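Trainee:
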Amino acid sequence: MTNDATNAAQGTAAAAGHAHGPRMRWAKLAPEVYKAMIGLDAAAKKGLDPTLVELVNVRASQLNKCAFCLHMHTADARKAGETEERLALLPAWEEAAGYYTERERAALALTEAITVLTDGFVPDAVYERAAAVFEETELAQLIALITTINAWNRFGVTTRLAPGQG
Amino acid sequence: MSHRMRFWSTVPAFYQAQLRLTQAAKKGLGDPVLGELVVLRASQLNACAFCVDMHVANLREAGVDQRRIDLLPVWEEAGGLYSERERAALAFTEAVTVLTDGFVPDAVYERAAAQFTETELAHLLAVIVAINNWNRANVTVRQPPGEEL
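Here it is, written out as structure tokens:
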């Protein structure tokens, strides 16, 4: 998961002297798992628009409170050309009329439903909204992407990975 | 609940990657019965019918006592049916699975860290993350129990 953003932030995280974390260095302890996660990530993103990918990654990371992931994906979103306004309004996207396309809104609703899975188990209305604007292969890729960011979030939060830590 | 989409065959490269993740996680944990208990419990919490069906069958096949399978949803109240190692792993599974309900509290993490080496714990976490992927995708597309992926 190394990129420019994490490298640039390493000094900041160390200076802050974060009280918690990491609880363990999972990627070093389980290198085959890490390698498989990189493969999963690449397979999930295939064919999806980078701007949409980062909106989904940021929103899931917000819900799951993965600071490491949020730090990385807000930086990646900006690199993909995302605006400050759309990033700032993302937690309130439903009320931010005009800032996101219907396609993005449908993807964000699906992201929230799959992320907080036990709160509704992806209701028909949410699934159908996404199915109306994504063709089946794209929708499958989007579901793959959402499960994958959830996987990164679970590793990050459980091990209390702080922003910029590797 | 009707099947919404043949998900895994629509994204075959993702399916292969998910299989590799699962294998790497299980191999590193190296305790198949514990692994199956953990994935069954996660699948119950996430209400993944396809996954529950599969992992109940795997536990039976592994010769696990039916009472240990039946009482898994109430493992905390099930007295001596599960070892402290299993109980620590199950508490950890629940916390990582329903992540937004507590975000894996210190007490849960430390209970697991007391029973597993760091390398085992990293792979236990990977097993839990991997089953959450299977659960999320299968629940999202309403994959029917026993039906081909």
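Protein sequences appear in the order of chains S and X. Residue 120 in the numbering used here sits at position 117 of the first sequence; the count goes up by one each step and never skips. Residue 618 in the numbering used here sits at position 141 of the second sequence; the count goes up by one each step and never skips. Note that beta-carbon positions come from the ideal geometry of N, C-alpha and C, so glycine has one too. Quick caveat, the model's predicted, so the values are computed rather than measured.
1) Should Gln495 (chain X) be flagged as near chain S, meaning a C-beta pair shorter than 8 angstroms?
2) Pick out whichever of X:Glu595, X:Thr596, X:Gly512, X:Val488 has its Cα sitting closest to the Cα of Ala147 (chain S).
3) Report, in whole angstroms, the separation of the C-beta atoms of Ile605 (chain X) and Thr570 (chain X), which I expect to be a contact under 8 angstroms.
4) On a CA-only basis, which of S:Gly50, S:Gln168, S:Leu113, S:Ala47 is nearest Ala134 (chain S)? Give me that one, please.
5) With three or more C-beta pairs closer than 8 angstroms as the rule, is the region 69–79 of chain S touching the region 524–537 of chain X?
6) Is Leu93 (chain S) near Val61 (chain S), with beta carbons less than 8 angstroms apart?
7) In this structure, how does DSSP classify Arg62 (chain S) when only helix, strand and coil are distinguished?
8) Checking 8 angstroms against the spacing of the C-beta atoms, do Gly42 (chain S) and Ala494 (chain X) come in under that value?
9) Around the Cβ of Glu553 (chain X), are there at least 16 other Cβ atoms within 10 angstroms (buried) or fewer (exposed)?
10) Mind pulling the alpha helix (DSSP H) runs of 4 or more residues that sit fully within the region 20–57 of chain S?
11) On the CB-based measure, 16 or more other CB atoms within 10 Å of its CB, does His600 (chain X) come out buried or exposed?
12) In or out: Ala539 (chain X) buried (at least 16 other Cβ within 10 Å) or exposed?
13) Cα separation between Leu548 (chain X) and Ala555 (chain X)?
14) Could you tell me how far apart the beta carbons of Val510 (chain X) and Val125 (chain S) are, in whole angstroms, since I believe they sit closer than 8 angstroms?
15) Compare the C-alpha of Ala116 (chain S) against each of S:Met75, S:Thr150, S:Glu85 and name the closest.
16) Look at the alpha carbon of Gly512 (chain X) and the alpha carbon of Thr596 (chain X), and state the distance between them as a whole number of angstroms.
17) Skipping 5 residues on each side, what residues in its chain have a beta carbon closer than 7 angstroms to that of Val585 (chain X)?
18) In chain S, what lies closer than 8 angstroms to Gly623 (chain X) by C-beta?
19) Check the Cβ of Glu139 (chain S) against every Cβ in chain X and list those closer than 8 angstroms, keeping chain order.
20) Does any C-beta atom of chain X lie closer than 8 angstroms to the C-beta of Leu43 (chain S)?
21) Terminal residues of the continuous alpha helix (DSSP H) containing Met75 (chain S)?
22) In this structure, does DSSP put Gln620 (chain X) in helix, strand or coil?
23) Could you check the C-alpha separation between Leu506 (chain X) and Phe491 (chain X) for me, to the nearest Å?
24) Using a Cβ cut-off of 7 angstroms, which residues of the region 117–139 of chain S contact any Cβ in chain X, in chain order?
25) Output yes if chain S places a C-beta closer than 8 angstroms to the C-beta of Glu595 (chain X); else output no.
Mentor: Based on what the coordinates show:
1) Position 18 of the second sequence, counting from 1, holds the residue named residue 495 (chain X). True, the Cβ-Cβ gap to chain S drops below 8 angstroms.
2) Position 144 of the first sequence, counted from the first residue, corresponds to residue 147 (chain S). It is X:Val488.
3) Residue 605 (chain X) sits at position 128 when you count from the first residue of the second sequence. Residue 570 (chain X) sits at position 93 when you count from the first residue of the second sequence. With 8 angstroms as the limit, Ile605 (chain X) and Thr570 (chain X) qualify as a contact, their Cβ atoms being about 5 angstroms apart.
4) Position 131 of the first sequence, counting from 1, holds the residue named residue 134 (chain S). Measuring from the Cα of Ala134 (chain S), the nearest candidate turns out to be S:Leu113.
5) no
6) In the first sequence, the residue the question calls residue 93 (chain S) occupies position 90. In the first sequence, the residue the question calls residue 61 (chain S) occupies position 58. Result yes, Cβ atoms of Leu93 (chain S) and Val61 (chain S) sit closer than 8 angstroms.
7) By one-based count along the first sequence, residue 62 (chain S) stands at place 59. Three-state result, Arg62 (chain S): helix.
8) What you label residue 42 (chain S) is simply residue 39 of the first sequence in a count that begins at 1. What you label residue 494 (chain X) is simply residue 17 of the second sequence in a count that begins at 1. Yes, they are a contact pair.
9) Taking the first residue of the second sequence as 1, we reach residue 553 (chain X) at position 76. Its Cβ having fewer than 16 others within 10 Å, Glu553 (chain X) is exposed.
10) 29–32, 34–48
11) Here residue 600 (chain X) refers to the residue found at position 123 when the second sequence is read from its first residue. Flag for His600 (chain X) reads buried.
12) On the second sequence, residue 539 (chain X) is found 62 positions in, with the first residue counted as 1. Result: exposed.
13) Counting from 1 along the second sequence, the entry for residue 548 (chain X) is found at position 71. Counting from 1 along the second sequence, the entry for residue 555 (chain X) is found at position 78. So the two alpha carbons sit approximately 7 angstroms from each other.
14) Counting from 1 along the second sequence, the entry for residue 510 (chain X) is found at position 33. Counting from 1 along the first sequence, the entry for residue 125 (chain S) is found at position 122. The pair is not a contact, with the Cβ atoms about 31 angstroms apart (cut-off 8 angstroms).
15) Here residue 116 (chain S) refers to the residue found at position 113 of the first sequence. The residue with the shortest Cα to Cα distance from Ala116 (chain S) is S:Thr150.
16) Here the question's residue 512 (chain X) lines up with position 35 in the second sequence. Here the question's residue 596 (chain X) lines up with position 119 in the second sequence. Distance between the alpha carbons of Gly512 (chain X) and Thr596 (chain X): 15 angstroms.
17) As a first step, residue 585 (chain X) must be located in the second sequence, where it is residue number 108. Result list for Val585 (chain X): Ala568, Phe569, Ala572, in chain order.
18) The count along the second sequence starts at 1 and reaches residue 623 (chain X) at position 146. Result: empty, since nearest Cβ-Cβ is about 19 angstroms, beyond 8 angstroms.
19) Stepping through the first sequence from its first residue, residue 139 (chain S) is reached at position 136. Those within 8 angstroms of Glu139 (chain S) in chain X are Met482, Thr487.
20) Counting from 1 along the first sequence, the entry for residue 43 (chain S) is found at position 40. Output row for Leu43 (chain S): interface = yes.
21) By 1-based counting over the first sequence, the position of residue 75 (chain S) is 72. Here the alpha helix (DSSP H) through Met75 (chain S) covers 70–82.
22) In the second sequence, residue 620 (chain X) corresponds to position 143, counting from 1. Of the three classes helix, strand and coil, the one that applies to Gln620 (chain X) here is coil, per DSSP.
23) The residue given as residue 506 (chain X) occupies position 29 in the second sequence. The residue given as residue 491 (chain X) occupies position 14 in the second sequence. So the two alpha carbons sit approximately 23 angstroms from each other.
24) Ile117, Val119, Leu120, Thr121, Phe124, Val125, Tyr130, Glu139
25) As a position in the second sequence, residue 595 (chain X) is number 118, starting the count at 1. Cβ-Cβ to chain S under 8 angstroms: yes for Glu595 (chain X).
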